[in-house]
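Line by line, the protein sequences are chains A and B. Whatever position you read off the first sequence (first residue = 1), add 164 for the working numbering. Whatever position you read off the second sequence (first residue = 1), add 164 for the working numbering. The beta carbon of each residue, even a glycine, is placed where N, CA and C say it ideally should be.
There are 2 protein chains.
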Amino acid sequence: MAIAKTESFSKKEQDLAAFAKALAHPARVAILKVLAGKNECVCGQIVDVLPLAQSTVSQHLIALKAAGLINGTVDGPRSCYCINWKAFEKFKNEFNSLFDHLQVKDQQRCC
Amino acid sequence: MAIAKTESFSKKEQDLAAFAKALAHPARVAILKVLAGKNECVCGQIVDVLPLAQSTVSQHLIALKAAGLINGTVDGPRSCYCINWKAFEKFKNEFNSLFDHLQVKDQQRCC
DNA sequence: CTATTTCATCGTAAAAGTACGATGATAAGG
DNA sequence: CCTTATCATCGTACTTTTACGATGAAATAG
Numbered sequence: 165m166a167i168a169k170t171e172s173f174s175k176k177e178q179d180l181a182a183f184a185k186a187l188a189h190p191a192r193v194a195i196l197k198v199l200a201g202k203n204e205c206v207c208g209q210i211v212d213v214l215p216l217a218q219s220t221v222s223q224h225l226i227a228l229k230a231a232g233l234i235n236g237t238v239d240g241p242r243s244c245y246c247i248n249w250k251a252f253e254k255f256k257n258e259f260n261s262l263f264d265h266l267q268v269k270d271q272q273r274c275c
Numbered sequence: 165m166a167i168a169k170t171e172s173f174s175k176k177e178q179d180l181a182a183f184a185k186a187l188a189h190p191a192r193v194a195i196l197k198v199l200a201g202k203n204e205c206v207c208g209q210i211v212d213v214l215p216l217a218q219s220t221v222s223q224h225l226i227a228l229k230a231a232g233l234i235n236g237t238v239d240g241p242r243s244c245y246c247i248n249w250k251a252f253e254k255f256k257n258e259f260n261s262l263f264d265h266l267q268v269k270d271q272q273r274c275c
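Dropping the structure here:
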């Protein structure tokens, strides 16, 4: 990146980009799908489903948690994750509000 | 990445991840915002707005075009881009359908 | 207390992303 | 034809991401 220019952009742009970044890997999409389907906190069962090593899955889970898309608690010897629907809703709205009402303008003129 | 495992996932997961990847940088979000706001094809005006070099903006534009989020045509000596609303709608639906109806299940049990 | 299980973290290696200046290609203007 | 303008591409440097095995920490089971 030479020198990170990320902070030269607005907070809204950064937030949306950070959210998208968390979704920007099929493994993390798959993890979210598993968590959403179960809706009860899962942990190493995810490792069994994905074609990835345990440490790699753990990294993806941490990335998702850092992005705020999932919550995690410690349950004895195992970790328990589930989707943070509130954050999900927030970003969905942010995404829609950013582009939806702009589409109302007169449609395509070129391209 | 050692060895790319991207192809070990379903096409839906890959598509959604690719879409998110295109949004996963504030500069590209900013570009889309500019294009959406004008709705007429813009080109190097984007360079004036962004705090990035021309070559860097060009790279981002190419990334967005490769992801299918924008269309581009050559207009004399300059390039003209605009948002591909159709693709945008497609991915928005894909995103919603992936997570929305799953939320209907009984809410949170832990975390 | 000693396994065992479960997960996080460390270390490492390879791949991809980000950014810039410089150069190249293409079309318009003189 | 020659210049200028506009944008893409190349080459390069640095950062970040991805992935794995190995190790470490914490709680349960015996």
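Status (buried if at least 16 other CB within 10 Å, exposed otherwise) for residue i
| i | result |
| --- | --- |
| R242 of chain A | exposed |
| I226 of chain B | exposed |
| F255 of chain B | buried |
| N257 of chain A | exposed |
| K250 of chain A | exposed |
| V268 of chain A | Here the model assigns V268 of chain A a pLDDT of 46, short of 50, so the residue's position is not dependable, and the following value carries that caveat. It counts as exposed. |
7 Å Cβ cutoff met for residue i and residue j
| i | j | result |
| --- | --- | --- |
| V221 of chain B | L228 of chain B | no |
| I210 of chain A | I234 of chain A | no |
| L187 of chain A | A186 of chain B | no |
Nearest residue (CA-CA) to residue i, options the options
| i | options | result |
| --- | --- | --- |
| L262 of chain B | B:D179, B:S172 and B:K169 | B:D179 |
| T170 of chain B | A:K185, A:S174, A:P190 and A:T170 | A:P190 |
| G208 of chain A | A:C244, A:T237, A:F259 and A:A181 | A:C244 |
| V206 of chain A | A:W249, A:T237 and A:E258 | A:T237 |
| V193 of chain A | B:S172, B:A251 and B:E177 | B:E177 |
Spatial distance of residue i from residue j (CA atoms)
| i | j | result |
| --- | --- | --- |
| C246 of chain A | E253 of chain A | 15 Å |
| N260 of chain B | A200 of chain B | 21 Å |
| N248 of chain A | A182 of chain A | 16 Å |
| D212 of chain B | A231 of chain B | 23 Å |
| S174 of chain A | Q218 of chain B | 20 Å |
| D239 of chain A | A168 of chain A | 38 Å |
| K202 of chain B | Q223 of chain A | 40 Å |
| S172 of chain A | K197 of chain B | 15 Å |
| L216 of chain B | L216 of chain A | 37 Å |
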